[in-house]
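Input: a single structure, listed below in structure tokens.
Chains as they are written, first to last, in the working numbering: chain A, 1 to 581; chain B, 1001 to 1581.
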């Protein structure tokens, strides 16, 4: 037991003993490929967050090691991701000027708060909270966030400043109306980068396969798009001196050396101000991470422990905050690359971290001439996948309520803001669920032919009786629907003046809360005054236990509790010609 | 149809045509008795709200007429009530000094806002919103509010000032530690008033019945307690000059004449500040009113239209705001008195209004010597009924979750405040409901003997199979429980390695939202990869309609949809010895 518990909290103890050379080869290749992706992406996402590029690299070293030691996923690639970077930008945007020291300190503090929240939630086993974000809300949020992210890169792609705005129409309008300020060289670099990224991502694999290149090579090459784009455009800027002659914005000096080991600046007032945003960043980051981890784990029949993931991501973020990084989480695209490149254990992550560490130690001078337009193009291609309009149509076809949640979240994120947008979406989806359960489907049922089955009289040819009403309530009885149920039943009784017995089929009632119990007691006495006896059938075990504990059978008076509807109808209408049970 | 619609919006058209002398006699008597109660209560509640006594009288004239014309209840007595008065006091307490002109203007504005909110909710048909306050939350709120109200009267009963405090312990401690400042004459008046009220309420009826007095007379006399207390103590103060000689606080000058007809002061900033409180006052007031109205209506087989009630109460509050009144609603005790005194139509309310009008026109000089201690005693006796500790024990016995909501609401109202307390209680009860539905009961079932019935294997002796798992999910499938369901099913499949078929019994699933549909699709393909086919049984009509619209049967692949569990098991295990359907 002892070692089992320990293994649950330190998953490394599970895979380490059986580790062999073949696994190391796989993990090594995967670690290398992810590192090649991560260096430009890390810098790009840091820029998206309004931070200097090295902060993205710092966030790609220690957090990966911490996650590798603690995480329950074998293939999750942790680090800076697009949506979290955007949320950091909007949070700090109102507090400090982007890129300044105070701004960086704010980002570091956000990572610390986010880490503490995740760790605390993991220890309190609150992983389930994330289930309250519905898929439509997440879809709407992702699509809108991707649009906001894409538009935020316009200035880097076009080479002139576009002021930050809540309204996307304002951003687009500013870009169009100032299009004469475009920097042709910057725009050219962006176009070349986009072309390389799209070709490498799309057609290249097909061409190589057509030329008879083996699948693993094809696969590896088609993932090198960002690296190729970085190489081509960096060389072009350096060779033609485009940063001097044509005003192309470049990454320039990146401080060499490992990330600084330092405490976050614990400013209490600032912490209080950042707390709500840190909570949302944690929840959204955790959600993205755990859904990727789950989908990868299930492909290899492995399990993800949501609470252990919270602990691991919490440690990763705290690690980021002590090494000059900003909030991280498990990213979708890099994790998928890690997985398909063959990562079998978290050692792949640790290898990635070591390679990124070497990069910041010795390779930063090579990144001096890297144009920001190339990083913007990498972001643009990465987030384009997140925009999904087909899902709106599919959701609309299946369920209008869910489609409404999706659309409202999408619109709210675009018009009100990214944080409030997801809060509004989540609140709406919960409100709509509550509204739905507050007006349950109530069916009057009758016997199908000579069988023991009872079905809705509106949907089937069934046999009914003048003085016996059999009603099925399709929802648990709780405070929000109990008044509705009472009204509906009384109306149905009023509509059938000959009724003497009312049978309530309880097969879909999973619990009865105290409000509903009180209403049932009132209902029974009101029906009794009107000469109607209430009976119940098919009460579930747990519900019956609760009712018996408060002596509900006395409350029912002459009413009875039947095991099945058939039994109830046979007892109350013994003359009915139906096969005996 | 035309006149039906009109009659729905103007209920007076329904009862006016059949009105006769006998009805007028009944309504007249009820109207008189309620007026006798209402004059001292209206002044007492106005003092509780921190307002001059005449504001309570003004709020007891026009609102009653408006409700009489528009309300759907035949017996509801509208006017100032204790809880709403307390909420007015706590809202305005932070804004202005009690009793000043700005304070009165704030109360009038609250009535206007509250009226506008109620009217708007009625026109938008939002009456259902009130169902989201559960009975345990209301119980906890009422008990705590009654305690707060009772303690707020201590200063009038003891005759020395006790500063307002959030903490009841502080109030009690202040009273005890300053008990030497007690005003003996005031305390004596309070004690006499309390004795009269309690004797009239309790033993007097029994004594009179024992003496052979007829029931109607007994009934009328036992309700005259407040009037007797007012007469006795007013005369005592006047005769002995206790206001001068012994420092007894009296009502003193009440401006004679009908309420002033005036516009509320439309101060936009103040309106914004008061809006949240006005919303809560509206909801709590509406809740109290509609529950009284419903319980009285059902005794005479009449119906209450919740949305029409919103309109009527909205008009009543707007009426109050234009005639110098403060927020009103239908009160519990006066409505019950109105009903038992024989009110058959809202004309009783209108008669009450006329009598209160006559009082403010000509009788106010008689109230000059009325001691405030008597009014405090009237409040104390009225709210004592609201404190109910037995319900805590009963709720705890039935359902710990509901008991938790009750206790948290009670404690929050006492410690944090009356408005935040009810918000916290309502939020908690909704959160607990969501938590409960997010972890549904999942039962593995088997066949009971040779029957067609399937029951939980943990509760019954049932027949199961090695390669067939039959599982019943006792909750609708929606975003909050879909991940839990997936995990639980996969664990159960992992625990039974021989399983080839998994049958999901859907009898308790009332809907499947888009998130759950997506999860089901993932689950089916994961199970398929593990060599398990998913089948479904007993899907409800509306759920099946939704699933068919998106071609769910294709998603199921080899899995089938069965009408009954029996059919599924017979088909998948044809060798089973069970009676054919």
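All C-beta atoms, glycine included, are put in the ideal place defined by N, C-alpha and C.
- Query: Closer than 9 Å, CB to CB, is residue 1474/B near chain A or not?
  - Reply: yes
- Message: Given a cut-off of 9 Å on the beta-carbon distance, is the pair residue 295/A and residue 331/A in contact?
- Response: no
- Would you grab the beta carbon distance between residue 1110/B and residue 1278/B for me? Rounded to a whole angstrom, and I think it's under 8 Å. 6 Å
- Item | Stretch-stretch touch, CB-based, cutoff 8 Å, three pairs: the segment 245-260 of chain A with the segment 185-194 of chain A | yes
- Task: Keeping to the same chain, check which residues put their C-beta closer than 8 Å to that of residue 1201/B; ignore five residues upstream and five downstream.
- Result: 1222, 1225 and 1381
- Considering only residues of the same chain and omitting the five flanking positions on each side of residue 125/A, which have a CB-CB separation below 8 Å? 307
- Message: Between which two residues does the beta strand (DSSP E) holding residue 1456/B run?
- Response: 1454-1456
- Item | Buried versus exposed, by CB contacts within 10 Å (16 or more), residue 10/A | exposed
- Query: Can you name the residues that DSSP bridges to residue 1536/B?
  - Reply: 1504/B and 1561/B
- Relative to the alpha-carbon of residue 1134/B, which residue among 1366/B, 1123/B, 1407/B and 1402/B has its alpha-carbon at the smallest distance? 1402/B
- Which first and last residues belong to the alpha helix (DSSP H) in which residue 1382/B is found? 1372-1384
- Query: Which same chain residues, not among the five before or five after residue 1046/B, have their C-beta less than 6 Å away from its C-beta?
  - Reply: 1053, 1055 and 1056
- With distances taken from CA atoms, which of 422/A, 21/A and 233/A is nearest residue 281/A? 422/A
- Taking residue 442/A as part of the beta strand (DSSP E), name the residues at either end of that continuous run. 442-448
- Residue range of the beta strand (DSSP E) that residue 469/A falls in? 468-473
- Item | residue 458/A to residue 1321/B span [Cα, whole Å] | 50 Å
- Message: I want to know whether the segment 1310-1319 of chain B touches the segment 1064-1076 of chain B - three or more CB-CB distances under 8 Å.
- Response: yes
- Query: residue 178/A: buried (16+ other C-beta within 10 angstroms of its C-beta) or exposed?
  - Reply: exposed
- Message: By the three-class DSSP mapping on this structure, what secondary structure does residue 1206/B have?
- Response: helix
- Pull up the CB-CB distance for residue 406/A and residue 139/A, whole angstroms please, since I reckon it's below 8 Å. 6 Å
- Counting only beta-carbon atoms, is residue 1531/B nearer than 9 Å to chain A? no
- Query: Secondary structure at residue 50/A, three-state DSSP: helix, strand or coil?
  - Reply: coil
- Task: Taking residue 486/A as part of the alpha helix (DSSP H), name the residues at either end of that continuous run.
- Result: 479-495
- Message: What does the Cβ neighbour count give for residue 203/A, buried or exposed, with the cut at 16 atoms within 10 Å?
- Response: exposed
- Query: Beta carbon of residue 1504/B, beta carbon of residue 1536/B: below 9 Å?
  - Reply: yes
- Query: What residue from 498/A, 573/A and 437/A has the CA that sits closest to residue 478/A's CA?
  - Reply: 437/A
- Going by other Cβ atoms of all chains shown within 10 Å of its Cβ, with 16 needed for buried, is residue 1253/B buried or exposed? exposed
- Of all the beta strand (DSSP E) runs that stay within the bounds of the segment 51-84 of chain A, which reach a length of 3 or more residues? none
- Roughly how many angstroms lie between the CA atoms of residue 237/A and residue 161/A, to the nearest whole one? 20 Å
- Task: Just the chain B side, please: which residues come within less than 7 Å of residue 441/A by C-beta, in chain order?
- Result: 1510 and 1542
- Item | Within chain A, the residues that residue 1178/B reaches when beta carbons sit closer than 8 Å | In chain order: nothing, as chain A lies at least about 39 Å away.
- So, is residue 1176/B buried or exposed, given that buried needs 16 or more other C-beta atoms within 10 angstroms? exposed
- Message: Tell me the rounded alpha-carbon separation between residue 12/A and residue 1473/B.
- Response: 36 Å
- Message: Strictly below 7 Å CB to CB, what residues from chain B border residue 459/A?
- Response: 1541
- From the beta carbon of residue 1103/B, is the nearest beta carbon of chain A less than 9 Å away? no
- In angstroms, rounded to a whole number, what distance separates the CA positions of residue 485/A and residue 1132/B? 14 Å
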